[in-house]
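To start, the structure itself, in structure tokens.
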Amino acid sequence: MSRSAAAAAGLGKDLVGIEHLGARRITSILDTAEPFKEISERRIKKVPTLRGLTIVNLFFEASTRTRISFEFAEKRLAADTVNIGASRSSVAKGETLVDTARNLEAMKIDMVVMRHWASGAARFLAERIPSNVINAGDGAHEHPTQALLDMLTLRDHLGAIAGRRVCIVGDVRHSRVARSNIFGLLTLGAEVGVCGPPTLIPPHMRELGVRIFHRIEEAIEWAHALNVLRLQLERMEAGFVPSLREYNRIWGVSRARLAVAPEPLLILHPGPMNRGVEIDSDVADGPHSVILEQVTNGVAVRMAVLYLLAGGRPEKAEAAKAEEVA
Amino acid sequence: MPDQFRIPIMREDAVGRAIARMAREILERNEGTERLALMGIHRRGVQIAHLLQDEIERAAGVRVPRGSIDITLYRDDLMAIGPRPVIGESKLPPGGIDNRAVVVVDDVIFTGRTARAAMNELMDWGRASRIYYCALVDRAGRELPIQPDIVGRAVTVLPHQRVDVMVPEIDGVLGVDVVTTSPEAA
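Quick mapping for you: the protein sequence lines, in order, are chains A and B. For the first sequence, this note's numbering assigns the number 26 to the initial residue and increments by one for each residue that follows. For the second sequence, this note's numbering assigns the number 10 to the initial residue and increments by one for each residue that follows.
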């Protein structure tokens with residue numbers, strides 16, 4: 026019996042980031058996500074697991090994919106969901122984050138999934154309300170569920186994470202996706218590289234044990250998989266890159282560049298893509314692109330996280346194990 | 010002194026005879042193998058269903074479709090005891106369960122809550138023409154008004170005793186033990 030796995034699955038109250046999660050918990054989330062994939066293939070894509078729980082998706086920053094992915098995950102687990110966007114909420118009238126959350130709590134909610142522009146917002150909220158808090162991206166800090174779905178996709182295709190070489194390409198400096206991926210991949214024993222213009226690569230990367238590539242060709246020769254980040258168009262306006270065309274010419278992932286790889290590389294992208302900027306269409310739609318699989322896995326990973334946080338009482342699981350009733 | 014001791018109540022040959030009789034009972038009830046399907050409940054019900062499938066083939070010459078079901082996500086005690094690892098694969102038998110007589114196979118029926126969860130899950134998957142509940146061991150302690158249709162052996166055990174079904178794929182042997190846990194340890 027894998028009874029110890031139940032204890033390992035204990036995530037505590039919140040999922041704020043990958044940094045302090047540890048290999049056992051990360052693996053436990055990925056393992057839990059596997060059977061959840063199948064639920065989305067059923068005719069009735071719904072299980073009653075979280076029936077009666079109310080989950081608020083509190084998005085202070087625009088998001089389509091992540092919010093919808095969370096919403097699907099919540100609905101397929103039979104939770105009740107409410108979406109709140111900052112632009113049409115009381116936040117626009119000057120309410121503080123804590124007041125917003127406390128008002129929601131007063132309406133008896135169970136979980137908050139939050140995206141916020143400020144780094145650290147998720148932890149700030151988690152420490153102040155009794156509901157479970159899931160970070161759906163906070164500033165340039167972390168985006169844990171994205172990293173988890175990236176790792177699930179990598180594991181599916183590469184067979185394992187440990188020992189595999191993954192290079193994150195693009196705007197690493199401003200990317201919470203990059204940070205969460207780096208923490209997770211290193212924790213699971215992958216070799217991690219980053220590649221991009223020096224203006225967009227933070228210098229402390231080496232201290233984390235991450236290789237820095239300043240030429241995309243070298244990264245392609247080295248890696249088993251590329252995780253290509255979206256180039257935020259505002260970065261160009263801020264002077265980090267001279268022009269989109271130049272970015273594409275030097276850093277863009279194209280079929281011609283990938284042809285030099287000793288073995289075909291797995292191509293990931295967290296979306297939304299700028300086709301013709303950081304990634305060319307024939308790569309994005311090519312045979313080694315797993316971009317849409319990432320989207321599918323995103324729902325399964327989020328179901329796993331919701332499931333693991335919802336009970337969240339490992340000490341009771343321990344007690345119940347003694348009987349193994351039912 | 011160990012805090013629990015186990016007494017074997019069925020060894021491999023006894024389980025084999027029970028399975029053989031259960032397979033024949035299934036065939037008798039269903040009047041053959043027509044539109045029959047087996048669904049094993051994770052974990053050990055899956056292996057018991059496999060044994061029944063082999064036995065039905067021996068008796069009737071037909072290999073009936075077999076699937077598996079993990080009821081973890083349909084449990085009614087998740088919020089009370091915290092999440093358990095979802096370990097099992099839920100898989101429909103080839104051809105699905107619509108208009109089929111589905112035999113749900115469990116290792117031990119105890120409170121009846123697993124049976125309740127399994128039936129709810131099956132109904133989300135399709136419309137079986139009927140459902141039979143089949144358990145290798147029936148022990149007292151029902152908390153719901155649910156009774157199995159086909160039973161390998163009914164045993165009388167005390168509340169602090171546990172029935173362990175062992176299958177070769179997981180436990181290395183085929184058999185059934187009654188495990189007595191001392192009240193202090195329980």
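All C-beta atoms in this analysis are idealised placements derived from N, C-alpha and C, irrespective of residue type, glycine included.
Straight-line Cα distance separating A147(A) from L36(A)
Here residue 36(A) corresponds to residue number 11 of the first sequence, with the count starting at 1. Here residue 147(A) corresponds to residue number 122 of the first sequence, with the count starting at 1. Their Cα atoms are separated by approximately 15 Å.
Going by DSSP, what residue range makes up the alpha helix (DSSP H) through A147(A)?
As a working note, residue 147(A) is residue 122 in the first sequence. Where A147(A) is concerned, the enclosing alpha helix (DSSP H) stretches over A146 to A151.
For P267(A), does the three-state DSSP call read helix, strand or coil?
The sequence position of residue 267(A) within the first sequence is 242, counting from 1. Three-state DSSP puts P267(A) in coil, outside helix and strand.
Which residues in the same chain have their Cβ closer than 6 Å to the Cβ of R15(B), if we skip the five residues on either side of it in sequence?
Taking the first residue of the second sequence as position 1, residue 15(B) is located at position 6. Closer than 6 Å at Cβ, skipping near neighbours: D186 and V188.
Would F95(A) and V138(A) qualify as a contact pair, given that the criterion is a beta-carbon distance under 8 Å?
Taking the first residue of the first sequence as 1, we reach residue 95(A) at position 70. Taking the first residue of the first sequence as 1, we reach residue 138(A) at position 113. Yes. Within cutoff.
Closest Cα partner of G221(A) within the set D307(A), V326(A), E303(A) and R67(A)
Numbered from its first residue, the first sequence carries residue 221(A) at position 196. Here the closest residue by C-alpha is E303(A).
Does the stretch 290-302 of chain A come close enough to the stretch 327-337 of chain A that 3 or more CB-CB pairs lie under 8 Å?
no
Spatial neighbours of W142(A) within its chain, please: CB distance less than 7 Å, with the 5 preceding and 5 following residues excluded, ordered by chain position.
What you label residue 142(A) is simply residue 117 of the first sequence in a count that begins at 1. Around W142(A): F85, E86 and G164.
Contacting residues, own chain, Cβ-Cβ under 7 Å from S279(A) (five flanking each side not counted)
As a working note, residue 279(A) is residue 254 in the first sequence. Contacts found: D305 and V308.
Would you call the CB atoms of I106(B) and A69(B) closer than 8 Å?
For the purposes of this step, residue 106(B) is taken as the residue at position 97 of the second sequence. For the purposes of this step, residue 69(B) is taken as the residue at position 60 of the second sequence. In this structure, A69(B) does not lie closer than 8 Å to I106(B) by Cβ.
Partner residues on chain B for Y332(A), Cβ-Cβ distance less than 7 Å:
For the purposes of this step, residue 332(A) is taken as the residue at position 307 of the first sequence. Result: P92.
Note down the Cα distance separating A248(A) from V191(A), rounded to an integer number of angstroms.
Mapped onto the first sequence, residue 248(A) falls at position 223. Mapped onto the first sequence, residue 191(A) falls at position 166. Each residue's Cα considered, the two are about 5 Å apart.
Taking all protein chains shown into account, decide if P156(A) is buried (16 or more other Cβ within 10 angstroms of its Cβ) or exposed.
Against the first sequence, residue 156(A) aligns to sequence position 131. The sequence given here places Ser at residue 156(A); Pro does not occur at that position. Under this definition S156(A) is a buried residue.
Pairs of beta-carbons, one from the stretch 191-207 of chain A and one from the stretch 65-73 of chain A, closer than 8 Å: are there three or more?
no
Could you please give me the residues that DSSP links to Q319(A) through a beta bridge?
Residue 319(A) sits at position 294 when you count from the first residue of the first sequence. Beta-bridge pairing links Q319(A) to no other residue.
Is the Cβ of P60(A) closer than 8 Å to any Cβ of chain B?
Position 35 of the first sequence, counting from 1, holds the residue named residue 60(A). By this cut-off, P60(A) is an interface position.
Could you give the distance in angstroms between the alpha-carbon of M132(A) and the alpha-carbon of D158(B)?
To locate residue 132(A), count along the first sequence from 1; it is residue 107. To locate residue 158(B), count along the second sequence from 1; it is residue 149. Straight-line Cα distance between these residues: approximately 46 Å.
Where the stretch 61-74 of chain A meets chain B: residues whose CB sits under 9 Å from a CB there
F61, E63, I64, R67, R68, I69, K71, V72, P73 and T74
Using the beta-carbon of each residue, which ones in chain A are nearer than 9 Å to S99(B)?
In the second sequence, residue 99(B) corresponds to position 90, counting from 1. By Cβ distance, chain A contributes P60, E63, I64 and R67.
Give every residue of the same chain whose Cβ lies closer than 6 Å to the Cβ of Q171(A), excluding the five residues on either side of it in the sequence, and list them in chain order.
Counting from 1 along the first sequence, the entry for residue 171(A) is found at position 146. Closer than 6 Å at Cβ, skipping near neighbours: V202 and P295.
Residues of chain A with a CB under 8 Å from the CB of L183(B): which are they?
For this step, residue 183(B) is matched to residue 174 along the second sequence. Under the 8 Å cutoff, chain A gives no residues; its nearest Cβ is about 17 Å from L183(B).
Is there a Cβ of chain A sitting closer than 8 Å to that of Y83(B), yes or no?
Here residue 83(B) corresponds to residue number 74 of the second sequence, with the count starting at 1. For Y83(B), the answer is yes, since a Cβ of chain A falls inside 8 Å of its Cβ.
Contact belief for L211(A) with G234(A) at Cβ below 8 Å, rounded distance in angstroms:
Along the first sequence, read from residue 1 onward, the residue named residue 211(A) stands at position 186. Along the first sequence, read from residue 1 onward, the residue named residue 234(A) stands at position 209. 6 Å between Cβ atoms; contact.
Apply the 10 Å Cβ neighbour rule to N82(A) and answer buried if 16 or more other Cβ atoms are within range, or exposed otherwise.
Here residue 82(A) refers to the residue found at position 57 when the first sequence is read from its first residue. N82(A) should be labelled buried.
Do you know how far the Cα of V117(B) is from the Cα of D22(B)?
Taking the second sequence and counting its residues from 1, one reaches residue 22(B) at position 13. Taking the second sequence and counting its residues from 1, one reaches residue 117(B) at position 108. Spanning the two alpha carbons is a distance of roughly 18 Å.
Would you check if there are 3 or more beta carbon pairs closer than 8 Å linking the stretch 169-189 of chain A to the stretch 42-56 of chain A?
yes
Starting from H141(A), trace the beta strand (DSSP E) both ways and give me its first and last residue.
Here residue 141(A) corresponds to residue number 116 of the first sequence, with the count starting at 1. Residues M136 to H141.
Closer than 8 Å is the cut-off here; do at least three beta carbon pairs connect the stretch 61-76 of chain B with the stretch 24-31 of chain B?
yes
What residues match up with P17(B) in a beta bridge as DSSP calls it?
Stepping through the second sequence from its first residue, residue 17(B) is reached at position 8. In DSSP, P17(B) forms a bridge with D186(B).
Starting from the Cα of I80(A), find the closest Cα among T89(A), F61(A) and I109(A) and give me that residue.
The sequence position of residue 80(A) within the first sequence is 55, counting from 1. I80(A) has its Cα closest to that of I109(A), out of T89(A), F61(A) and I109(A).
Am I right that V114(B) and G49(B) are in contact with their C-beta atoms under 8 Å? What's the rounded C-beta distance?
Translated into positions along the second sequence, residue 114(B) becomes position 105. Translated into positions along the second sequence, residue 49(B) becomes position 40. That belief holds up - the Cβ atoms of V114(B) and G49(B) are roughly 5 Å apart, short of 8 Å.
Going along chain A, which residues have a C-beta under 8 Å from D133(B)?
As a working mapping, residue 133(B) is identified with position 124 in the second sequence. Those within 8 Å of D133(B) in chain A are R67, I69, K71 and V72.
Check whether chain B comes within 8 Å of A131(A), counting only Cβ atoms and requiring the distance to be less than that.
In the first sequence, residue 131(A) corresponds to position 106, counting from 1. False, the Cβ-Cβ gap to chain B never drops below 8 Å.
Who pairs with Q170(B) in a beta bridge, going by DSSP?
In the second sequence, residue 170(B) corresponds to position 161, counting from 1. Paired residue(s): T189(B).
Compile a chain-ordered list of the residues in the stretch 284-309 of chain A whose CB is closer than 9 Å to at least one CB of chain B.
none
When the Cα atoms are used, what is the spatial distance from S88(A) to G277(A)?
Your numbering for residue 88(A) matches position 63 in the first sequence. Your numbering for residue 277(A) matches position 252 in the first sequence. Those two C-alpha atoms are separated by around 24 Å.
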